[in-house]
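Heads up: take any position in the sequence shown, counting from 1, add 2, and you land on this note's numbering.
Just so it is clear, CB atoms sit at the ideal spot from N, CA and C, and this is done for glycine as well.
Taking it in order: structure first as structure tokens, then the write-up.
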Amino acid sequence: MNRILVTGGAGFLGSHLCDSLLEKGADVICVDNFFSGSKDNIRHLSSHPYFEFTRHDIIHPLFLEVDKIFHLACPASPIHYQINAIKTVKTNVMGTINMLGLAKRIKARILLTSSSEVYGDAKVHPQPEGYWGNVNPIGLRSCYDEGKRVAETLMMDYHRQNKVDIQIARIFNTYGPRMAVNDGRAISNFIVQALKGDPLTVYGDGSQTRSFCYVSDLIQALIALMEINEFPGPVNLGNPEEISLLEVAEKIIKLTKSSSKITHKSLPADDPLRRCPDISLAKKKLGWEPRVKLEEGLEKTISHFKDKLSIQ
Ligand code: NAD
Ligand code: UDP
Numbered sequence: 003m004n005r006i007l008v009t010g011g012a013g014f015l016g017s018h019l020c021d022s023l024l025e026k027g028a029d030v031i032c033v034d035n036f037f038s039g040s041k042d043n044i045r046h047l048s049s050h051p052y053f054e055f056t057r058h059d060i061i062h063p064l065f066l067e068v069d070k071i072f073h074l075a076c077p078a079s080p081i082h083y084q085i086n087a088i089k090t091v092k093t094n095v096m097g098t099i100n101m102l103g104l105a106k107r108i109k110a111r112i113l114l115t116s117s118s119e120v121y122g123d124a125k126v127h128p129q130p131e132g133y134w135g136n137v138n139p140i141g142l143r144s145c146y147d148e149g150k151r152v153a154e155t156l157m158m159d160y161h162r163q164n165k166v167d168i169q170i171a172r173i174f175n176t177y178g179p180r181m182a183v184n185d186g187r188a189i190s191n192f193i194v195q196a197l198k199g200d201p202l203t204v205y206g207d208g209s210q211t212r213s214f215c216y217v218s219d220l221i222q223a224l225i226a227l228m229e230i231n232e233f234p235g236p237v238n239l240g241n242p243e244e245i246s247l248l249e250v251a252e253k254i255i256k257l258t259k260s261s262s263k264i265t266h267k268s269l270p271a272d273d274p275l276r277r278c279p280d281i282s283l284a285k286k287k288l289g290w291e292p293r294v295k296l297e298e299g300l301e302k303t304i305s306h307f308k309d310k311l312s313i314q
């Protein structure tokens, strides 16, 4: 049996990943410090015979024995990763060094969940893996995007220098059930606002674009990526359907049948103007592409938030 460590396993993506790995018969150790994750996300797994939880902050060394490591631990929402920017850098740098040191010692394969943020405010559309990005090294988002860039560097250097078996996934905006009500990202904010009848806060004029991937599609790709070990990545994972934030807000108002209006707030500093993945590599290597359409994924996410907010 595969023994698998999931760092950040109590978070949004990590908890879905734990579910899928357990369904596939793996023995899962979930490590999390609950910085942005939640016990609610993993409560249903507490009596599973092959699930184990360890509360641990990965900026400190971790000693255990596994075959594979999915390294997700890192807050993903700008609101969360900016609360304590220095800690975000520590998680990305010291945390990734610790997980790579662990992988090296126990000869485990390790997959890092990097981010489309490494492309920054991209000048190339859609973004292929070969694009080096346009990132502000001293801005408010740097703790995260430069953090992920150095985490990728560490992955590659441990691979080249110490022959650690690695894979880098560059994840583009992903959404779905188990996003926290206070997550602060666009889709969760808009749905919560629409369900409460509050104005939807579109930052700037809403013409900036993102490409939103439903969580089940993304998890499938992560698991497939762990299985192919012919090259170290990076591999873009996301949904290439690009949409403006204003359109997303309008769609959510329609799907929730909300009477909410749209209000505009100032655009955060360094907010990327356009983001869309080139997923040719993932298609070729994994035979993967997203299947869940935005409306379908939004419906499921709306149901999740209705439950959370106790709305019928
Ligand atoms: P999340 O915030 O829900 O999950 C991150 C988890 O990591 C949380 O449970 C948090 O408590 C834990 N964590 C944070 N710092 C830690 C530390 N020092 N020690 C131990 N645990 C720690 O975010 P998510 O959306 O599930 O993202 C998971 C991963 O995927 C992150 O690495 C993120 O950068 C990456 N990613 C996500 C997206 C997305 O759209 N969801 C996009 C790109 C990349
Ligand atoms: N955004 C918005 N209203 C919100 C939250 C976010 O208009 O309430 C915008 C944000 O400025 C960005 C886009 O939505 O242009 C996606 O933001 P999110 O935080 O979801 O992800 P990221 O910026 O990391 O891609």
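{"Item": "Give a single yes or no on whether Gly289 has its beta carbon closer than 8 angstroms to a heavy atom of the ligand UDP.", "Value": "no"}
{"Item": "What residues in its chain sit with their C-beta under 8 angstroms from that of His58, if we drop five residues either side in the sequence?", "Value": "Val33, Asp34, Asn35 and Leu64"}
{"Item": "Note down, one range per segment and in chain order, each beta strand (DSSP E) of at least 3 residues found wholly within the segment 196-278.", "Value": "202-205, 211-213, 237-239, 244-246 and 264-267"}
{"Item": "So, do the segment 77-85 and the segment 180-193 have three or more beta carbon pairs nearer to each other than 8 angstroms?", "Value": "yes"}
{"Item": "Please classify Leu311: does DSSP put it in a helix, a strand, or coil?", "Value": "coil"}
{"Item": "Taking 9 angstroms as the cut-off, decide whether the C-beta atoms of Ile264 and Gly199 are in contact.", "Value": "no"}
{"Item": "Given that a residue counts as buried once 16 or more other Cβ atoms are within 10 Å of its Cβ, and exposed if not, what is Pro323?", "Value": "Summary: the structure shown does not reach residue 323, with the chain confined to residues 3 through 314, and so no result is reported for it."}
{"Item": "Within a Cβ cutoff of 6 angstroms, which residues of the same chain sit near Pro274, ignoring the five residues on either side of it in sequence?", "Value": "Asp123"}
{"Item": "Run through DSSP, which three-state label would Ala182 get?", "Value": "coil"}
{"Item": "Please report the residue range of the beta strand (DSSP E) in which Leu7 lies.", "Value": "Arg5 to Thr9"}
{"Item": "Ile173 and Leu239 - do their beta-carbons sit closer together than 9 angstroms?", "Value": "yes"}
{"Item": "Mapping DSSP to helix, strand and coil, what is Ala78?", "Value": "coil"}
{"Item": "How far does the beta strand (DSSP E) with Ala124 in it extend, from its first residue to its last?", "Value": "Where Ala124 is concerned, there is no enclosing beta strand (DSSP E), given that its DSSP letter is neither H nor E."}
{"Item": "Going by C-alpha distance, which of Thr211, Arg277, Ala284 and Arg180 is nearest Phe307?", "Value": "Arg180"}
{"Item": "Which runs of the beta strand (DSSP E) spanning at least 3 residues fall entirely within the segment 128-159, listed in chain order?", "Value": "none"}
{"Item": "Between Ala153 and Thr98, which are expected to be in contact by the criterion C-beta below 8 angstroms, what is the C-beta distance as a whole number of angstroms?", "Value": "4 angstroms"}
{"Item": "Please confirm whether Met158 and Thr9 have their CB atoms less than 9 angstroms apart.", "Value": "no"}
{"Item": "Tell me Ile173's beta-bridge partners as DSSP assigns them.", "Value": "Ser117 and Leu239"}
{"Item": "In the DSSP assignment, find the unbroken alpha helix (DSSP H) run with Phe65 in it and report its ends.", "Value": "Unbroken run through Phe65: none, as it is neither H nor E."}
{"Item": "Tell me, which residues are paired with Cys32 by DSSP?", "Value": "Val8 and Phe55"}
{"Item": "With a cut-off of 8 angstroms on the beta carbons, I'd call Ile31 and Leu7 a contact; round off their distance for me.", "Value": "5 angstroms"}
{"Item": "Just to confirm before moving on: does the CB-CB distance between Thr93 and Gly149 stay below 9 angstroms?", "Value": "yes"}
{"Item": "Rounding to the nearest angstrom, what Cα-Cα distance links Ser117 and Glu291 in this structure?", "Value": "18 angstroms"}
{"Item": "Less than 6 angstroms between C-beta atoms, sequence neighbours within five positions excluded: which residues of the same chain meet that for Lys125?", "Value": "Asn136"}
{"Item": "Have a look at Tyr205 and Gly11 and give me their C-alpha separation to the nearest angstrom.", "Value": "30 angstroms"}
{"Item": "Helix, strand or coil: which one does DSSP assign to His73?", "Value": "strand"}
{"Item": "Apart from the five residues on each side of it in sequence, which residues of its chain come closer than 6 angstroms, Cβ to Cβ, to Ile313?", "Value": "Leu197"}
{"Item": "If you draw a straight line from the alpha carbon of Glu244 to that of Ala284, how long is it in whole angstroms?", "Value": "17 angstroms"}
{"Item": "Just the Cα atoms here: how many angstroms apart are His62 and Lys253?", "Value": "43 angstroms"}
{"Item": "Give the straight-line distance between the Cα atoms of Lys295 and Gln195, rounded to the nearest whole angstrom.", "Value": "22 angstroms"}
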